[in-house]
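**Q**
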Amino acid sequence: MRLREAEMYLNSLLSPAPAGEEAEITEPPIPTEMLLLRGSAAASILNAASETQADGIVMCSHGQNAASHWRIGGVAAKVVRHAKVPVLMLKEEGGVPAGPHPDATEPLRVLVPLDGSAPARTALISAASLLADLAPQTPAQLHLLHVIPANVQLLENGGRRHELVQKAGEYLQSMTKKVKESLVEPSLSPKNFMVTWSVILDNDVANAIVRVAEHGDTQDGLGSMPRCDGIAMATHGLSGIRRWAMGSVTERVLHGTRLPLLITRPAWVEEHTGEEETEEET
47 MRLREAEMYL NSLLSPAPAG EEAEITEPPI PTEMLLLRGS AAASILNAAS
97 ETQADGIVMC SHGQNAASHW RIGGVAAKVV RHAKVPVLML KEEGGVPAGP
147 HPDATEPLRV LVPLDGSAPA RTALISAASL LADLAPQTPA QLHLLHVIPA
197 NVQLLENGGR RHELVQKAGE YLQSMTKKVK ESLVEPSLSP KNFMVTWSVI
247 LDNDVANAIV RVAEHGDTQD GLGSMPRCDG IAMATHGLSG IRRWAMGSVT
297 ERVLHGTRLP LLITRPAWVE EHTGEEETEE ET
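If you want the numbering used here, it's the 1-based position in the sequence shown plus 46.
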């Protein structure tokens with residue numbers, strides 16, 4: 047009965063909209079294949095992505111208290127933690143990136159937090175690819191953000207603060223140059239991309255990322271940055287300027303933001319995850 051209900055539900059999503067209702071399927075229709083699986087939700091999603099050689103996974107996180115056959119919050123975290131392809135996570139109460147910014151005067155903005163590590167930089171490729179697909183002929187903006195975890199003593203030490211901000215700023219400037227010169231991903235043309243960056247100090251990296259993305263923030267010397275339309279992050283990255291535990295930060299951003307979140311996990315990180323987790327525990 048559950049399988050039959052699931053089949054009817056999926057078929058209803060693919061059916062033409064009734065007269066008077068707005069069609070949700072674009073024209074021409076996107077080729078679609080249905081899979082009905084039984085078992086662990088997260089494992090089934092990951093296996094299906096692997097067996098169908100999917101280029102990505104799109105999910106909607108309903109949260110822990112929604113009426114659902116399974117708790118998508120826990121499922122989402124497991125999929126994000128282990129998926130080897132990019133995962134675009136949408137929020138039930140948030141928007142859906144379906145094209146250029148609704149306000150033609152505003153660019154479509156994606157925030158990319160970077161900690162200086164190679165895994166974190168892979169999110170730039172996914173973010174640029176998404177912007178190229180969503181807004182190929184209209185302005186789009188990548189905003190690079192580095193958060194320096196700062197305690198009270200550090201904030202009171204003006205010289206040390208300036209040194210860390212300067213070092214992070216130089217790193218983000220170099221990444222901005224690479225994006226503009228197509229050195230991050232040669233196949234992507236950045237001609238419509240604006241690239242900005244900012245460095246902020248905050249004890250809570252995840253909260254800082256969500257705050258800047260959802261409400262905007264003051265860039266260092268560049269004025270005020272408006273809110274973003276989405277966030278792109280990597281799931282792992284323990285090295286870099288300030289050694290964030292990027293995996294846990296990403297999961298906290300996943301649960302804390304209402305914006306679409308594009309998550310990537312570099313395949314080669316898998317080999318080093320165990321070693322880095324042991325290092326972190328130590």
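Built from N, CA and C at the ideal position, the CB exists for glycine as well.
Pair every Cβ in the segment 129 to 136 with every Cβ in the segment 97 to 106, then say whether three or more of these pairs are closer than 8 Å.
**A** yes
**Q** Would you call the CB atoms of A259 and L188 closer than 7 Å?
**A** No; because the gap between Cβ atoms is not below 7 Å, this pair is not in contact.
**Q** What does the alpha-carbon distance come out to for the pair L59 and R273?
**A** For L59 and R273, the gap between their C-alpha atoms comes out near 32 Å.
**Q** Tell me the rounded alpha-carbon separation between T222 and S294.
**A** The alpha-carbon atoms of T222 and S294 are separated by roughly 26 Å.
**Q** Mind checking E297: buried by the 16 CB within 10 Å criterion, or exposed?
**A** When all chains shown are included, E297 counts as buried.
**Q** Could you check which residue in R257, A95 and D275 has the C-alpha nearest to that of V142?
**A** D275
**Q** Go ahead and label Y217 buried or exposed: buried means 16 or more other beta carbons lie within 10 angstroms of its beta carbon, across all protein chains shown.
**A** buried
**Q** Taking its Cβ as the centre, do 16 or more other Cβ atoms sit within 10 Å of M271, making it buried, or is it exposed?
**A** Looking at its Cβ environment, which holds 16 or more other Cβ atoms inside 10 Å, M271 is buried.
**Q** Quick check: what's the CA-CA separation for V213 versus A89?
**A** For the record, residue 213 in the displayed sequence is Lys; it is not Val. Approximately 41 Å, taken between the alpha carbons.
**Q** Look up L300 in the DSSP assignment and say whether it is helix, strand or coil.
**A** Residue state, collapsed to three classes: helix.
**Q** Between the C-alpha atoms of S172 and R50, what's the straight-line distance to the nearest angstrom?
**A** One C-alpha to the other measures close to 36 Å.
**Q** Would you give the residue range spanned by the beta strand (DSSP E) that G276 belongs to?
**A** G276 to A280
**Q** At the level of alpha carbons, what is the spacing between T78 and L170?
**A** 28 Å
**Q** In the segment 112 to 197, which residue ranges form an unbroken alpha helix (DSSP H) of at least 4 residues, counting only runs that do not cross its ends?
**A** 118 to 128 and 164 to 180
**Q** Does T310 come out as helix, strand or coil in the three-state DSSP assignment?
**A** strand
**Q** Could you tell me the boundaries of the alpha helix (DSSP H) in which R60 lies?
**A** The sequence shown places Leu at residue 60, not Arg. Per DSSP, L60 belongs to the alpha helix (DSSP H) from R48 to L60.
**Q** Return the residue from the list K224, T151 and S86 that minimises the CA-CA distance to A174.
**A** K224
**Q** Apart from the five residues on each side of it in sequence, which residues of its chain come closer than 7 Å, Cβ to Cβ, to H128?
**A** L92
**Q** For I255, which option in V158, A164 and S86 has the closest C-alpha, if you only look at C-alpha atoms?
**A** V158
**Q** When you compare each of C106, L83 and S107 to E97 by their alpha carbons, which one comes out closest?
**A** L83
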